[in-house]
Amino acid sequence: SKLFTKGKFGTRNVSLSVSGFGVTVKNLPIKRVDPTLLHDRIMRIAEQYVPYPLASMYLDYMVFGNSTHQPGQMDVLMVAAPRSLVNAQVKAAKMADLVPVIVDVAPLSAVNCYTFSDDAPTSAVLLAVDATSAAITIVDAGLLRFTRHVDMDFSGQPDASELTRVLYETTDRLLESDLPQDVEKVYLYGSVPQLAILKNELAREMDLDVELLNPFGNITVPSKLMTPENQALIGPQSAIGVGLALRKGVS
Numbered sequence: 516s517k518l519f520t521k522g523k524f525g526t527r528n529v530s531l532s533v534s535g536f537g538v539t540v541k542n543l544p545i546k547r548v549d550p551t552l553l554h555d556r557i558m559r560i561a562e563q564y565v566p567y568p569l570a571s572m573y574l575d576y577m578v579f580g581n582s583t584h585q586p587g588q589m590d591v592l593m594v595a596a597p598r599s600l601v602n603a604q605v606k607a608a609k610m611a612d613l614v615p616v617i618v619d620v621a622p623l624s625a626v627n628c629y630t631f632s633d634d635a636p637t638s639a640v641l642l643a644v645d646a647t648s649a650a651i652t653i654v655d656a657g658l659l660r661f662t663r664h665v666d667m668d669f670s671g672q673p674d675a676s677e678l679t680r681v682l683y684e685t686t687d688r689l690l691e692s693d694l695p696q697d698v699e700k701v702y703l704y705g706s707v708p709q710l711a712i713l714k715n716e717l718a719r720e721m722d723l724d725v726e727l728l729n730p731f732g733n734i735t736v737p738s739k740l741m742t743p744e745n746q747a748l749i750g751p752q753s754a755i756g757v758g759l760a761l762r763k764g765v766s
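To get the numbering used here, take the position in the sequence shown, counting from 1, and add 515.
Here it is, written out as structure tokens:
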């Protein structure tokens with residue numbers, strides 16, 4: 516609340532994100548059906564992928580149209596998050612005298628941030644790293660196609676070898692699916708202070724280009740608010756926040 520007062524923001528509406536093992540983001544293989552039957556079909560299929568009772572989850576989905584990889588099927592992205600996790604976030608925001616308008620999942624916020632750039636490669640890996648975990652998100656044609664959350668310890672010196680192993684293990688999963696295999700780059704973001712070191716070590720161990728994700732690449736920020744040096748410093752930490760801010764319905 517003090518931050519909003521000090522910053523003199525014109526609204527107290529906010530968007531929130533949730534992440535972790537309780538959050539499920541999945542592309543569902545669904546044959547084209549009559550729109551009136553789609554919801555029931557998605558709910559039945561969701562039971563196969565959500566490892567918790569659906570009654571304990573908030574669940575939403577978006578239909579992107581006919582699949583570009585599987586003829587006769589639709590691209591449907593399903594998102595599920597525990598009600599307890601979402602409700603805790605909403606409660607905390609309200610206690611700060613804020614008005615939650617949107618609750619998103621962190622991988623989708625990162626994709627929203629990434630695709631805002633006009634020169635973003637068609638296919639890429641977005642790799643989030645914090646002190647206790649890594650989140651791997653595959654983007655194809657501007658859409659989230661795959662995401663994976665892995666427990667890893669980055670509180671000390673980052674282990675690029677272990678992270679490389681997890682990335683290649685994820686790539687092996689792609690080879691067994693119809694997901695894109697021509698990933699052009701890895702974009703690294705997160706809050707660990709050794710992110711730049713980890714980027715260089717990953718670049719040495721992998722056959723892909725590795726860059727730090729720059730959320731401000733297509734955003735003009737007045738220098739009195741943030742210098743270019745500060746943008747480069749805090750940019751990789753700001754990907755989720757920028758992705759949330761770009762969502763419609765927050766103002």
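Note that beta-carbon positions come from the ideal geometry of N, C-alpha and C, so glycine has one too.
Per DSSP, what kind of secondary structure is residue i in: helix, strand or coil?
| i | result |
| --- | --- |
| residue 611 | coil |
| residue 664 | strand |
| residue 714 | helix |
| residue 730 | coil |
| residue 756 | helix |
| residue 606 | helix |
| residue 738 | coil |
| residue 639 | strand |
How many Å lie between residue i and residue j at the Cα?
| i | j | result |
| --- | --- | --- |
| residue 575 | residue 742 | 39 Å |
| residue 625 | residue 754 | 6 Å |
| residue 605 | residue 752 | 22 Å |
| residue 628 | residue 548 | 32 Å |
| residue 660 | residue 748 | 29 Å |
| residue 613 | residue 597 | 21 Å |
| residue 545 | residue 551 | 14 Å |
| residue 519 | residue 530 | 14 Å |
| residue 638 | residue 654 | 5 Å |
| residue 651 | residue 641 | 6 Å |
| residue 733 | residue 635 | 11 Å |
| residue 724 | residue 668 | 23 Å |
| residue 602 | residue 617 | 12 Å |
Hey, quick one: how far does the alpha helix (DSSP H) through residue i stretch, first residue to last?
| i | result |
| --- | --- |
| residue 743 | 743–749 |
| residue 576 | No alpha helix (DSSP H) contains residue 576, which is instead part of the beta strand (DSSP E) from 572–581. |
| residue 621 | 621–630 |
| residue 518 | 517–522 |
Use the C-beta contact count for residue i: other C-beta atoms within 10 angstroms, 16 or more gives buried, fewer gives exposed.
| i | result |
| --- | --- |
| residue 566 | exposed |
| residue 554 | exposed |
| residue 737 | exposed |
| residue 647 | exposed |
| residue 671 | exposed |
Determine the extent of the beta strand (DSSP E) in which residue i is found, giving its start and end residues.
| i | result |
| --- | --- |
| residue 652 | 648–655 |
| residue 560 | That residue, residue 560, is in no beta strand (DSSP E); its alpha helix (DSSP H) goes 550–564. |
| residue 707 | Unbroken run through residue 707: none, as it is neither H nor E. |
| residue 545 | 539–546 |
| residue 532 | 528–533 |
Please go through the same chain and pick out, in chain order, the residues whose beta-carbon is closer than 8 Å to the beta-carbon of residue i, but skip the five residues on each side of it.
| i | result |
| --- | --- |
| residue 761 | 627, 628 and 631 |
| residue 679 | 717, 720 and 721 |
| residue 620 | 532, 533, 534, 538, 540, 594 and 596 |
| residue 714 | 703, 725, 726 and 727 |
So, at 6 Å on beta carbons, what are the nonlocal neighbours of residue i in its own chain, with the 5 sequence-adjacent residues on each side left out?
| i | result |
| --- | --- |
| residue 757 | 628 and 730 |
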